[in-house]
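> In my numbering, the protein residues as written are -12 to 323.
We put the beta carbon where it would ideally sit given N, CA and C, even for glycine.
It should be emphasised that the depicted structure is a prediction, and the values quoted were computed from it without experimental measurement.
Structure below; questions to follow.
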Ligand SMILES: Nc1ncnc2c1ncn2[C@@H]1O[C@H](COP(=O)(O)OP(=O)(O)OP(=O)(O)O)[C@@H](O)[C@H]1O
Ligand SMILES: [Mg+2]
């Protein structure tokens, strides 16, 4: 209590289509977004969970000549293959039980605009050939239809898995991969963005202060130390969720360490894989993060599963993940 709370440093935030940053790495990315947007090229957005892939996709659309037409988005992980086909390509009346009338798919709805295919790695093999045709010829056939429809659409897709690996595993068509990754934009992890942990923290504090329930003016140095040490696997989303939780559960003008999620505080569950890292004195950079992170995530998932009885919404909130990311990770672990 005797150490004074940290207060807001002077900073010049750059705003770009919902993204906020002070990091040169992000400014560089914004420039690439602008250039990519000038062309009609198909863009693949790569980045870990919660890094802002969806925001980048909307930025590409907004910066492009297609901006006054529609932007449509679909998450390839959240539908069955049948539903996804109908969602993307539309269907004709009578195509299947329940198809009582013709329905325009997202491709048609995005005509002259942009279609965002999120979690593209999850696109079922049976739909990959049809998407390839869209990319090659800008044509498709609605489900149950017999005539092809032409469409003028720019495709932006996103993934946090390397498509090349999926190709090697036979789960993704190589020709489609090449068509999707004409331009690839990489989103850095939160911890790789110089100055952004602090800048985004204060930006989010402002946002939550504006809600009026609590006014945070300072940061307990212990809280900041823990935040600075934590690897933020859920990136900006996880930071946001942590601060939001602190605003909801804590009180007073100083944000304290105990208001943050246990994993950020450095208390992994007893015996969990995080305990040794959390108590390590040396810089985290010395830890082989790739392995540790994978293991950590696995354990986190299992812990969250146990704690919530497998309820998806609660698990997602707990882990600071989107539902689709959670779904994908569960699937990988065979927990769905
Ligand atoms: N630079 C940023 N500034 C402010 N907010 C951001 C920034 N990047 C991401 N966010 C916020 O973080 C959350 C996650 O962003 P988004 O959904 O675009 O990430 P994503 O990469 O698509 O994640 P996932 O892989 O889990 O789908 C959103 O609430 C978004 O508004
Ligand atoms: Mg997303």
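Is there contact between the stretch 239 to 255 and the stretch 209 to 217, where contact requires at least three CB pairs shorter than 8 Å?
Touching, per the Cβ criterion.
> Got a sec: does ligand 2 put a non-hydrogen atom nearer than 6 Å to the Cβ of residue 225?
Within the chain shown, numbered from 1, the residue matching residue 225 stands at position 238. It does not: the Cβ of residue 225 is nowhere closer than 6 Å to a heavy atom of ligand 2.
> For ligand 2, which residues have a Cβ under 7 Å from at least one heavy atom, in chain order?
Qualifying residues, in the order they occur: 40, 41, 105, 145, 309, 311.
> Quick check: is any heavy atom of ligand 1 less than 6 Å from the C-beta of residue 131?
Here residue 131 is taken as the residue at index 144 of the chain shown, counted from 1. No, the beta carbon of residue 131 sits no closer than 6 Å to any heavy atom of ligand 1.
> Does the Cβ of residue 6 lie closer than 6 Å to at least one heavy atom of ligand 3?
You won't find ligand 3 in this model; what it holds is ligand 1 and ligand 2.
> With a threshold of 6 Å (Cβ to nearest heavy atom), would residue 77 be considered close to ligand 1?
Along the chain shown, read from residue 1 onward, the residue named residue 77 stands at position 90. Because no heavy atom of ligand 1 lies under 6 Å away, the Cβ of residue 77 does not count as near it: no.
> Quick check: the stretch 27 to 36 against the stretch 167 to 180, are at least 3 beta-carbon pairs closer than 8 Å?
Yes: the two stretches touch, three or more of their Cβ pairs being nearer than 8 Å.
> On a CA-only basis, which of 104, 55, 157 is nearest residue 65? Give me that one, please.
Here residue 65 refers to the residue found at position 78 when the chain shown is read from its first residue. With distances taken between Cα atoms, residue 65 lies closest to 104.
> Please classify residue 101 as buried or exposed, where buried requires at least 16 other C-beta atoms within 10 Å of its C-beta.
To locate residue 101, count along the chain shown from 1; it is residue 114. So residue 101 ends up on the buried side.
> If you draw a straight line from the C-alpha of residue 203 to the C-alpha of residue 192, how long is it?
For this step, residue 203 is matched to residue 216 along the chain shown. For this step, residue 192 is matched to residue 205 along the chain shown. Approximately 7 Å, taken between the alpha carbons.
> Where do the N-terminal and C-terminal ends of the alpha helix (DSSP H) with residue 73 fall, by residue?
Counting from one through the chain shown, the residue named residue 73 turns up at place 86. Run containing residue 73: 68 to 76, per the alpha helix (DSSP H) assignment.
> Can you name, in chain order, every residue of its own chain whose Cβ lies under 6 Å from the Cβ of residue 138, other than the five neighbours on each side?
In the chain shown, residue 138 corresponds to position 151, counting from 1. Cβ neighbours of residue 138 beyond the five flanking positions: 94, 98, 125.
> Taking the continuous alpha helix (DSSP H) assigned at residue 31, which residues delimit it?
Start at 1 with the first residue of the chain shown, and residue 31 comes out as number 44. Residue 31 -> not in any alpha helix (DSSP H); beta strand (DSSP E) instead, spanning 30 to 33.
> Between which residues of its own chain and residue 134 is the CB-CB distance below 8 Å, once the five residues before and five after are set aside?
Counted from its first residue, the chain shown places residue 134 at position 147. Taken in chain order, the residues that qualify are 128.
> Tell me which residues share the same chain as residue -4 and place their Cβ nearer than 8 Å to its Cβ, disregarding the 5 neighbours each side in the sequence.
In the chain shown, residue -4 corresponds to position 9, counting from 1. Contacts found: 185, 189.
> Determine the closest residue to residue 170 out of 238, 3, 19, with distance taken between C-alpha atoms.
As a position in the chain shown, residue 170 is number 183, starting the count at 1. Of 238, 3, 19, the residue nearest in Cα terms is 19.
> For residue 146, write down the residues that DSSP places opposite it in a beta bridge.
Counting from 1 along the chain shown, the entry for residue 146 is found at position 159. Paired residues: 33.
> Would you say residue 167 and residue 29 are within 7 Å of each other, going by their C-beta atoms?
As a first step, residue 167 is located in the chain shown; it is residue number 180 there, counting from the start. As a first step, residue 29 is located in the chain shown; it is residue number 42 there, counting from the start. Result yes, Cβ atoms of residue 167 and residue 29 sit closer than 7 Å.
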